[in-house]
Amino acid sequence: MNEDTRFAGAARSGQYVEQEDAPADVPATKANDAQGPEKETEVPGSDLKVAPAGATETNAGALSLYNTDELEVMQPAKEGARGFWNKATGGLLSLSPARKELEARALVNDQEQFEALIRQSTWTRGVGVLIANKKGNAGKTPTCLTLAAILASVRGGSVAAVEFTDDKGQLAYRAEGDPALGVGELARDLRKVKTQSQLRGYTVTQTSFASVIGSTSRSRPPLTGEDVTGVSRLIDDYFTMRLMDTGNQYSSSAFTGALSVTDVLVIPTMNSMDSVFDALELLEFLEHRGGKSALLARTAIIVRLSDGRPEFKASRIANFFLEKGITDKQIFAVPYDEHIAERGELSLKKLAEPTRHAFTAIAAAVVAQANKTITEESLKENKS
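Each number in our numbering corresponds to the 1-based position in the sequence shown with 1 added.
Set out below in structure tokens:
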């Protein structure tokens, strides 16, 4: 059995990963089986259990969701009627919190742990995160922008999202602001850019403090692998994290270049079979390449998104990835978000709270994998 190397708090990541099938007409929620109540599901790799989303009664497994080492769940209630009586009696009564308050405490605790990991992780070089799936409308661009926004807002900036599609993509269109210069111009002027101030001229700063390097309204030549690696090296000189939005052709020079400067792979997919099959094809492609590419495939983070259209069963989608060696701990689900579904300009402050919570968990998983990858890389260098 592989050693559990998850980041702190990941034992409850089932709160962010959908374990049950979602109904086609309400993709953002889970429904109980019409034939009877849902059973609790176990969080893989732990002895914890997650109560079904539709449950309304407190059951025997309600408290088993929480790890008392991480959260003091038996602190007296502070909210609701129980909290009122605890305060009114001056502590003579010490009523335990209701399930709703326990869940709220657990969520806050998780978010604090995720953000601490994101904020406090450091590296001695830039970290490359590749967002890839050749299927169009698989959610690559919103995933890239939202992850960059979460990472930048928690870390205080120093995060760049860059468009490495072969031809002009949608990264700048979905980001805030209009770029005067973009990735095409940066690739052209690469040898002229010597300072951070010069590099900033090719970016658009978001309200999250992420920096986006997309394409301008003007056409640009296709990017080559040399363009991608050169731009990446320059970004890494001035930014801590580099998130790469990629195109739809795995055999292209630009995609191959992006792979060569990647530490963590994130594969977004809609809950549709065509999007999932293209994600699986990417895993097969990387395994076939071997070496570093195969390692990226085995450690990939899968992000399931919902856009409001009819969806395939979540359990079957998960099984496809499990058959490829992806574990439950690597699969995350993002609930339907109207702001993302609008397919317009994305702003972190306009995302629904559950969406931000889900992407914070994903960002923590990305950082945890980066820590592991770079640590193993350093150990190999020290041995050689």
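Each residue gets a CB set at the ideal place from its N, CA and C atoms; glycine is no exception.
Item: Length of the line joining the Cα atoms of Thr217 and Ile302; Value: 30 Å
Item: Tyr203 beta carbon less than 7 Å from that of Leu182; Value: yes
Item: Per-residue burial, Asp179 [other beta carbons within 10 Å of its own, 16 or more giving buried]; Value: exposed
Item: Unbroken beta strand (DSSP E) run spanning Leu347, endpoints; Value: Run containing Leu347: none; DSSP gives neither H nor E here.
Item: Cβ-based neighbour list, Ile341, same chain, cut-off 6 Å, excluding 5 preceding and 5 following; Value: Pro143
Item: Outcome for Thr69 when other beta-carbon atoms lying within 10 angstroms are tallied against a minimum of 16; Value: Unreliable placement is indicated for Thr69, whose pLDDT of 42 sits below 50; the coordinate value is still reported in the next sentence. With fewer than 16 Cβ atoms within 10 Å of its Cβ, Thr69 is classed as exposed.
Item: Chain-order list of residues whose beta-carbon lies under 7 Å from that of Arg175 (same chain, five-residue window excluded); Value: Thr142, Pro143, Leu146, Glu346, Leu347
Item: Segments of 4+ residues assigned as alpha helix (DSSP H) that fall wholly inside the stretch 130-209; Value: 141-156, 172-175, 184-189, 197-201
Item: Test item: CB-CB of Thr241 and Ala259 under 7 Å; Value: no
Item: For Ile332, the nearest candidate out of Leu323, Asn383, Leu284 (CA to CA); Value: Leu323
Item: Start-to-end residues for the beta strand (DSSP E) that takes in Thr270; Value: 265-271
Item: Backbone CA spacing between Gln112 and Ala362 [nearest angstrom]; Value: 8 Å
Item: Contact under 7 Å by Cβ, Val262 with Thr225; Value: no
Item: Ala133 to Lys88 span [Cα, whole Å]; Value: 52 Å
Item: Element boundaries [beta strand (DSSP E), containing Ser252]; Value: Where Ser252 is concerned, there is no enclosing beta strand (DSSP E), given that its DSSP letter is neither H nor E.
Item: 6 Å Cβ shell around Ala153 - same chain, five flanking residues per side excluded; Value: Val160, Ser209, Phe210, Ala211
Item: For Gly37, three-class secondary structure by DSSP; Value: Annotation note: pLDDT 37 at Gly37 (below 50); position unreliable, no value reported.
Item: Which residues DSSP lists as bridging Asp246, in chain order; Value: Ile132, Glu164
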